[in-house]
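Encoded as C-alpha cells, the structure appears first; notes follow it.
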Amino acid sequence: MSAVTLHISEGTALVQLENPAKLNAFTIEMLDNLDAHLTTIERDPSVRVVIVTGSGEKAFCTGADIGAWGHLSPAEFARHWVRDGHRIFDKLATLSKPTIGALNGHTFGGGLELAAACDIRLLTPRATLALPEARVGIVPGWSGTQRLTRLIPEPMIKEMTLFGRRLTADRALACGFAAAIEEDVLTAADAIAAEAPALSPRATEITKNMIHAAVGEDRGASVEALGSAAIAATDDRTEGVAAFQEKRKPTFEGN
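Each number in this note's numbering corresponds to the 1-based position in the sequence shown with 3 added.
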C-alpha cells in the first residue's frame with residue numbers, strides 16, 4: 004500500500020513518501036495525499052519548516068509508478084497525471100514555509116522533480132540522481148526540463164535526459180544542487196529545522212517570495228504576494244474595508 008504521511012511536531016512538518024516496495028514511486032493516491040498535506044501545512048501557523056523525505060534507506064523516490072499511469076489514454080496522461088503532478092509540485096515549491104528535501108537514497112524522475120521543488124536539499128553519499136523518462140518513451144513532466152534547469156547546469160541536464168547518465172551525490176554538491184552530503188540526512192535536516200524558531204516567519208516568507216521573483220519561480224504570484232502584504236499594513240486598507248462595511252465613501256490619506 005502506498006501513501007504520503009504527515010507528522011507535525013514542535014513546528015516541523017515531516018512529509019514522508021511511503022511506498023517502499025516500489026522505492027517510493029508515486030501513485031495517484033500519493034499525489035492526492037501530498038496535495039492535501041500541503042494545504043494543511045500552508046494553513047497551519049504552528050508549522051515553521053517542512054522536511055520531505057522517503058521511507059527506507061534505498062531511495063528517496065524513484066519517480067512515478069508505471070502501474071499508475073501506463074494504462075492512461077494520451078489525453079488522460081497529459082491532462083490529469085502530468086498537469087496534476089505539476090500543479091502539486093508547484094504547490095510545494097511556493098509554500099510560504101521553508102522546505103528541506105532529505106534525499107535518503109536514489110532520486111529519479113518525478114522524485115528528482117519533487118526534490119527540485121524544495122528550498123534546499125541534503126543527499127546521502129550513496130544517492131544518485133537521474134531523469135530516465137526516455138527509457139520508457141516519455142519525457143519529464145513535473146518540471147524536469149523547467150525548474151531543474153535553474154538548479155542544475157544545462158549540460159548536466161542534457162547528459163541525464165539525452166544520454167541516461169546518472170548524477171552522483173558529489174557532482175550534485177559540486178554544481179550547487181545539494182546543500183550538503185550527510186550520512187544521516189534526516190538528522191541533518193532536523194538540525195537545520197531546529198534553527199527555524201529563532202527566525203521571523205514573516206521575514207522568511209517574504210524573503211522566499213523575493214528570491215522566487217528574482218529567479219522566475221511563480222514570479223507573478225510572488226510579486227502580487229509582496230504587494231498585497233505591503234498594502235495590507237496600510238491605514239488606507241483599514242479605511243477602505245471599514246468604509247465598505249459601513250456603506251460610506253472612504254477617506255484615503257495615503258498612509
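C-beta atoms are modelled at their ideal positions from N, C-alpha and C, and glycine is treated no differently.
Computed from a predicted structure; not experimentally measured.
Cβ distance (whole Å) where residue i is taken to contact residue j below 8 Å
i: isoleucine 54; j: alanine 217; result: Isoleucine 54 to alanine 217, Cβ: 25 Å. No contact.
i: aspartate 238; j: glutamate 249; result: That pair is no contact at about 16 Å.
i: leucine 267; j: serine 58; result: Given that the chain is displayed from residue 4 to residue 258, the structure contains no residue 267 and the question cannot be resolved.
i: alanine 172; j: alanine 130; result: 5 Å
i: alanine 62; j: leucine 117; result: Their Cβ separation, rounded to whole angstroms, is 12 Å, which puts alanine 62 and leucine 117 out of contact at 8 Å.
i: threonine 127; j: glutamate 32; result: Contact doesn't hold; Cβ gap of about 26 Å is too wide.
i: cysteine 178; j: proline 156; result: 6 Å
i: glycine 104; j: glutamate 60; result: Incorrect: roughly 16 Å between the Cβ atoms, too far for contact.
Beta-carbon spacing of residue i, residue j below 9 Å
i: proline 135; j: glycine 70; result: no
i: valine 52; j: threonine 102; result: yes
i: leucine 154; j: methionine 163; result: no
i: leucine 17; j: threonine 43; result: no
i: alanine 199; j: isoleucine 123; result: no
i: alanine 246; j: lysine 252; result: yes
i: leucine 41; j: lysine 94; result: yes
i: phenylalanine 80; j: serine 146; result: no
i: threonine 15; j: asparagine 22; result: no
i: glycine 88; j: glycine 144; result: yes
i: arginine 150; j: glutamate 220; result: yes
i: asparagine 212; j: alanine 235; result: no
Burial state of residue i (16 or more Cβ within 10 Å)
i: alanine 28; result: buried
i: alanine 232; result: exposed
i: glycine 230; result: exposed
i: aspartate 68; result: buried
i: methionine 159; result: buried
i: histidine 74; result: exposed
i: isoleucine 214; result: exposed
i: serine 225; result: buried
i: alanine 39; result: exposed
Nearest residue (CA-CA) to residue i, options the options
i: alanine 194; options: Asp38, Thr30, Leu125; result: Leu125
i: proline 204; options: Pro156, Asp47, Asp35; result: Asp47
i: glycine 113; options: Ala177, Asn107, Ala105, Val142; result: Val142
i: glutamate 242; options: Glu227, Asn258, Thr148; result: Asn258
i: tryptophan 72; options: Val85, Glu60, Ile209; result: Val85
i: leucine 202; options: Thr152, Lys100, Ile214; result: Lys100
i: aspartate 35; options: Val7, Ala119, Ser76; result: Val7
i: phenylalanine 180; options: Ala39, Thr110, Met4, Ser76; result: Thr110
i: arginine 138; options: Leu37, His83, Leu165; result: Leu165
i: leucine 106; options: Pro77, Arg240, Thr190, Thr152; result: Thr190
i: leucine 77; options: Gly140, Ile11, Val50; result: Contrary to the premise, residue 77 reads as proline rather than leucine in this sequence. Minimum Cα distance to proline 77 is reached at Gly140.
i: threonine 207; options: Val50, Met4, Ile11; result: Val50
i: threonine 56; options: His74, Glu45, Leu37; result: Leu37
i: serine 5; options: Ala24, Val226, Glu13; result: Ala24
Residue i Cβ short of 8 Å to the ligand GTP heavy atom set
i: glycine 57; result: Absence of the ligand GTP from the depicted structure is noted, as is the absence of any ligand whatsoever, leaving it without description.
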